[in-house]
Structure formats: structure tokens, C-alpha cells
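Chains as they are written, first to last, in the working numbering: chain Z, 11 to 694; chain P, 58 to 171.
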């Protein structure tokens, strides 16, 4: 997988081999994808019938790559009288500048051929290998190759054209040319992905181009310029910071309903879609750096807030969406993503983000504009999410065919288990959901008092929050183990595994002060802390597996919120230790943290082992170094000011973050690494 | 024209104000087709105040669909966004207005509560 080349622009991306060729099968995630549909599954260049060899690949920008190639498939000796350059940029489909150079003293006669085809697979079909139900049509006319797929009124088309006239047949485009000695030949190939009468701005004839983005290079420049600048003794930290900002730019996309504003998609390749939870967590991580993401996320998720009771979509009034998709399976309701609402955390987190956004930006207008949605979200917690009537959020899918079993961030089938490995029944009330609910009520009270001028609601929410905290510390606390249970099962019994979820509880502030020290001892102890980060499930638990998706791997995003939680309860040294571990790991991944890596002990493997099918880049992993910077520097808004209270690991040296945007305008933060992290670990 | 469409749109007009739409301003034109004829509805939203008519007028968002389909949408049986993705419902202009409006459509009929 590592030599697959990916370029992307929001919801459109191209995955090819290192020659620039695409030869996809139904289960192979290569191709041109846009809005959850594969528009090109074959794209193969030959010269005089020969495939090409890759000399090198340059990733110019996240949306642009250049392939240097020579003819011949021999790998030992390359007789390079010809060079071939393919420069590809993604937009509404992609464009490819194909240049062939003749280095010989004699002219050459060439037949250049591009083979093209599309299976129009839905991204879910690629993931799950499903069969197609519609019909295909291929036409070669006016020098263009048109690939079409139709199923009832649903239509998708790929139109391939060239700047130099080609002989077009149903399998591709052919150019016959002569290149003079030391001469060159070039053409531009355009591959346009379009929906036939889809939702985005339609033009007169009903044929629609997918929305793209103009002058992306200038836009990336602006994006980087507006983010705070970093200065540091640590080159690795600077590189990781820049990588994060660029990847975050690449993962932004503008859903048709958000105008030209953008929000983070979850990750390449499977999750270039709008996700409630991922967008919110990423926006929280990036708030001190790129606050516009939070504003857009809040608006877009507000637009799509649930309003009905719809079992197929697991929708309730006030619920924030889980995932929105544009592909064929969603269109024909074979999958529920139009949108699907089956999550139990995005709704309280929506209120958390709204409040955190106001604390940083001072943008009360947005808080006023979203009053209806925020109240509906707060109402959902008690009205629709308390499935057991015990005062806790719990989840049980109503769509039993295609809905999600686990509606928390650890959403794989076996993520919630007892210590002995057996799985609880439903509904399940996982602990972090109660933390989010507590935080949402506490923050909702602040917004009610400050912006909505509703003192009665503020008092009610505060009372509910205090009550929830009291009950939670009684019902979820495992007395002899001194940590919080992962969940309560359908009978209200404690699901007793030791998990990283304890860290999210610190972040939410639901943990009694008297219990915090014991919780931290676990988080930084041998069973959970690997040396790089906190394992999702502790070593020694029944289902522990260091490369199990949510049962032993380390998730960088998880660790970033745990670090924030450690700071919240005053454990500065431990937060610095955790930040150092994750940032050290980032260095091994060239600054691009994967979704997850193995939970192996650091002292054993010496390097972080990437989880086999992890998404990369992935939004909340990309946001992780940003949140770690925030926690290490101790950045926190207080009224109209930004508090800076650095606690940095020694190895990092000096860090300066300049021009941090917020309600104060722009301010700088400085810190110097003074914490001996080995000592910090020994103390816990 | 379909009873559910009429009931939904006239209900909207009669209530005259929707809290959900208080941050929304704009006009949606619905062109509902049946047997080659088009029935036009104009829904004007001004910060939550809603006016529904058959007037001609400038719109910010145009929705074209079969009357039969829109009837199923207005009764909660069909989902507007999925229909748009299937190409059965065509939206032009400011699509955000339809996203707003569709939150007012009723819940689908429930088969059976467990």
C-alpha cells in the first residue's frame, strides 16, 4: 500500500500506483473518487504498446503530483531515449499534463495510448465488495470518451478529453505522433467527474459538475499564513506542525450545503465524508490555530440536525448526524447515510464545541444563531438518549440491518467488553458519553446565562450537571480497582475493563477531584501507557490485542484529549510526558500521525508499529499535534485574555507560537522544556 | 394535487411562523409535475415568518419533482435528500434552503415499536 500515490481535494481524490496508472478491481481502493463514487477504475498509459517505469514521484502539493517515467518494464537496465512526465492535479475530477521528451538524435514515431474505464463503484462497494445494479454506457464522440452509469434517474458520468486531438475508441484514447530529435510532445488530458442532476448547483441542461476549488495554491498559502507561526529548537516539532496544517487543508471539504465554507472530512481513503464526531473533535483540536473550521462545522451540523423519529436513519429530534454520504447505496437507501444519525456522542459534543468556540472567538452571533439547535441538542440528552430511564445516555440501534452497534468513538463490534472478554447486551451506557453530557450541560448553562439570557435554563442545567456528576462518581467507580468502568450494561451492571476512556472523563471534568490521582496513575501506568501513548484497552484485559482496532492500539487523537484532561486536573508533567510520546511517534511517520498504531511496549519495538489498515491522513490524527501544542503551552482563554502556562518536556527545548488568533486579536505564547519526563513517569 | 403536499404546505402557511427557520431568509419554488402539468408553490421565509402561495415570483432555490414523489416526502414516507441523490428531485440555486425546509417534513410512519 505504501507506494500508492494519493492526491486529494476535499471530497475528490485520486489513488494510483507510482507510475500514475490505475488498475482497480472491485475490492481495490485505487481510482478517481468523487462524492463517494469511483469515476475511473482504469487509467493506463502505454507508449508503443509498452508500459512505463517509474523513476521518481514528486508530491508537489496535496492536490498535485508529478510522475517521471521511462518506457519499458525491465527493472535492471533502462534505455532512456525517451522521458515521460505526467503531472496530475485534482479538482472536479483531475487534469493530467502528459509530456514526452525525445533525447535521441533521431526522430521517433510513437503510438501513445491511454486506456480508460470506470466501474462507478460506490465507496462502500469497494470497501465491502458488492455488485452493481445499474447499466453502463460508453460513447466515443467528438474526440471525447464518455463513460456513463445509470440506475433509474441516478446517473454519473466521466468525460475524458484531450487538448491534442486523439483517436477515441471505447477503450481509450490514442495519439500517433512524431517527435523530432531532442524535441518534445505534450497534451493535456481532462477527466471530468459529473453527476447527472445531482444536488449541487445545476446548470441549464441538468448536467452538473461536482464542486471543486479554484486557485488552490493561493488558498493553501492563505491558510498557512493565517495560522500561528511556530519557532522551536525542535525541527521535528516544526515539521510535524507544518505537515498537520497542510494535511488539515487537504482534508477540508465544502459540502454542497456549506457554500464555500469548509469543514474537516474524516480521513483518506474511506472517510472523505461529513462525520459529526470527527468534525467536532478535529475542530476542537484546531480551535487555537484555525478557528474557521469550528464555525463551519457547527453551522453545517446544525443545518442537518435531526428533526424526525426515523428508525432507518436512527434519527431523533435534536440529534447531530453521524455520517453523510452521496453515493449510490445511500441514494437508493441500501445504506442509511442520508444522513445517518447513529452516534451517541456528537450531540453533547456539538454543545461543547459551540461553547469552546465562543470562549476563543467571542463570536456570540453564532451562539445566538444556533440557539435553537443547541437547545434541541441539550434536550436530546434527556428526552431521547436516556434509553434505560436511569439518567444516563445509552445507545441501542433501531436500524438493526445497516445501523451501527457501537455508537461511541470506539465503534467496532468488540470494542466494549467486560474484563473477562464477554460482550455486554444493549443498551450500553459507555462512560465517556456521561462525561460529554456533563460538559455539555455545564457549558450550555454558561451560554444560556451569557448569550441567550435564560437564567432559568442555566440554573436547571447546572443542577442537572451536578446531579449527573454525583451519580456518575457513585455508579461507574470501581472501588477496588480505583478507576471508572467502561460502561453500564443493559442491567445497569459495571462493564469492568480498564480503558483509555478514563482520560476523556478527565477532559470532561466529571471526575471527582478526590478520584483524579488514582485515574491518572492508571492512565500513565504500565497497563495503559505504552511509552508512546495510552492504549485503548489495558494490557491484561480479556480482549487486549496490541493490534486490535479499539482493543489495544494507541490512537493519537485519543491521547491528545487525554493530555488535555490531564492538564485540566493539574497533572502538567504527565500531560507533557504523553505529548512527548505521541510527538516522538509522529517523527517516525514523517509528521503524519496515522489513525492508530500498535500498543506494543515502546522499549520492546523501539518504533511505533502502524495499524495495518489505518486511514492516513486522518483528520483527528492530523489535529493531534495541534491540541498537544495547546496543552503543552497551557493555552486557555480567560475572559478576554489568553492564559499561557507552559509545561514542556525537556527534549523539545524552546517553543514559540506566534500570532494565536482569538477574541484578544493575536497574541504570542512562549515556553521552554523544563520537565524531565522520565522523572514524571516514575512519580505516577 | 396530492393531499399530503397540500396539507403540509398549507399547514406551514397557516402557522405563519417556524422557530426552526428564524435564522433563515429566502424563497423556495416548488415545481411539482403531474401528467405534463406543473403546479407551482412559492414558500417565502423571512426570519421564521413563512408565506405560502401559488404566486409567480423570484426564488432563491428551485425544486423540481414529480407531484407523487413530493406527496410521499410531505407525508414522511420518502426522504428528500435521498431522492435528490437519486436524481428524482432536482434542486437548483441555494440548496441550503431545501436542507432547512426538509427538517420540517414529518417522521416516516413507524412500522412497530419494540
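Cβ coordinates follow ideal geometry from the N, Cα and C atoms, glycine included.
Using only the alpha-carbon positions, how far apart do residue i and residue j sit?
i                      : j                      : result
residue 90 of chain Z  : residue 248 of chain Z : 39 Å
residue 515 of chain Z : residue 313 of chain Z : 29 Å
residue 356 of chain Z : residue 293 of chain Z : 12 Å
residue 376 of chain Z : residue 450 of chain Z : 17 Å
residue 104 of chain Z : residue 634 of chain Z : 30 Å
residue 504 of chain Z : residue 48 of chain Z  : 45 Å
residue 167 of chain Z : residue 469 of chain Z : 56 Å
residue 111 of chain Z : residue 188 of chain Z : 11 Å
residue 549 of chain Z : residue 578 of chain Z : 26 Å
residue 18 of chain Z  : residue 42 of chain Z  : 10 Å
residue 367 of chain Z : residue 310 of chain Z : 15 Å
residue 162 of chain P : residue 340 of chain Z : 19 Å
residue 27 of chain Z  : residue 79 of chain Z  : 12 Å
residue 417 of chain Z : residue 60 of chain Z  : 51 Å
residue 63 of chain Z  : residue 29 of chain Z  : 7 Å
residue 592 of chain Z : residue 440 of chain Z : 25 Å
residue 101 of chain Z : residue 519 of chain Z : 43 Å
residue 142 of chain Z : residue 131 of chain Z : 7 Å
For residue i, which of helix, strand or coil comes out of DSSP?
i                      : result
residue 514 of chain Z : helix
residue 53 of chain Z  : strand
residue 540 of chain Z : coil
residue 636 of chain Z : helix
residue 506 of chain Z : coil
residue 367 of chain Z : helix
residue 611 of chain Z : coil
residue 483 of chain Z : helix
residue 570 of chain Z : helix
residue 362 of chain Z : helix
residue 65 of chain P  : helix
residue 565 of chain Z : coil
residue 97 of chain P  : strand
residue 200 of chain Z : strand
residue 546 of chain Z : coil
residue 465 of chain Z : helix
residue 532 of chain Z : helix
residue 156 of chain Z : strand
Please classify residue i as buried or exposed, where buried requires at least 16 neighbouring CB atoms within 10 angstroms.
i                      : result
residue 166 of chain P : exposed
residue 241 of chain Z : exposed
residue 145 of chain Z : exposed
residue 529 of chain Z : buried
residue 65 of chain P  : buried
residue 192 of chain Z : exposed
residue 423 of chain Z : exposed
residue 96 of chain Z  : buried
residue 325 of chain Z : buried
residue 60 of chain P  : exposed
residue 507 of chain Z : buried
residue 300 of chain Z : buried
residue 477 of chain Z : exposed
residue 121 of chain Z : exposed
Below 7 Å between beta carbons: does that hold for residue i and residue j?
i                      : j                      : result
residue 332 of chain Z : residue 286 of chain Z : yes
residue 92 of chain Z  : residue 81 of chain Z  : yes
residue 119 of chain P : residue 102 of chain P : no
residue 497 of chain Z : residue 438 of chain Z : yes
residue 560 of chain Z : residue 420 of chain Z : yes
residue 618 of chain Z : residue 517 of chain Z : no
residue 586 of chain Z : residue 685 of chain Z : yes
residue 165 of chain Z : residue 93 of chain P  : no
residue 360 of chain Z : residue 387 of chain Z : yes
residue 354 of chain Z : residue 443 of chain Z : yes
residue 199 of chain Z : residue 125 of chain Z : no
residue 40 of chain Z  : residue 25 of chain Z  : yes
residue 718 of chain Z : residue 77 of chain Z  : What the structure shows of chain Z is the stretch from 11 to 694, and residue 718 of chain Z is not part of that stretch, so it cannot be assessed.
residue 461 of chain Z : residue 536 of chain Z : no
Restricting to runs no shorter than 4 residues, where is the alpha helix (DSSP H) found entirely within the region 275 to 345 of chain Z? Within the region 275 to 345 of chain Z, the complete alpha helix (DSSP H) runs of at least 4 residues are 286 to 296, 302 to 313 and 338 to 341.
What beta strand (DSSP E) runs, 3 residues minimum, are completely inside the region 69 to 132 of chain Z? 74 to 81, 92 to 101, 103 to 112 and 118 to 127
In chain order, which continuous runs of the alpha helix (DSSP H) of length 4 or greater are located wholly inside the region 104 to 162 of chain P? 124 to 131, 137 to 143 and 152 to 159
As an exercise, report each continuous beta strand (DSSP E) stretch of at least 3 residues that is fully enclosed by the region 646 to 682 of chain Z, in chain order. 646 to 648, 651 to 653 and 664 to 672
Contiguous alpha helix (DSSP H) assignments of at least 4 residues, all confined to the region 375 to 451 of chain Z: 381 to 393
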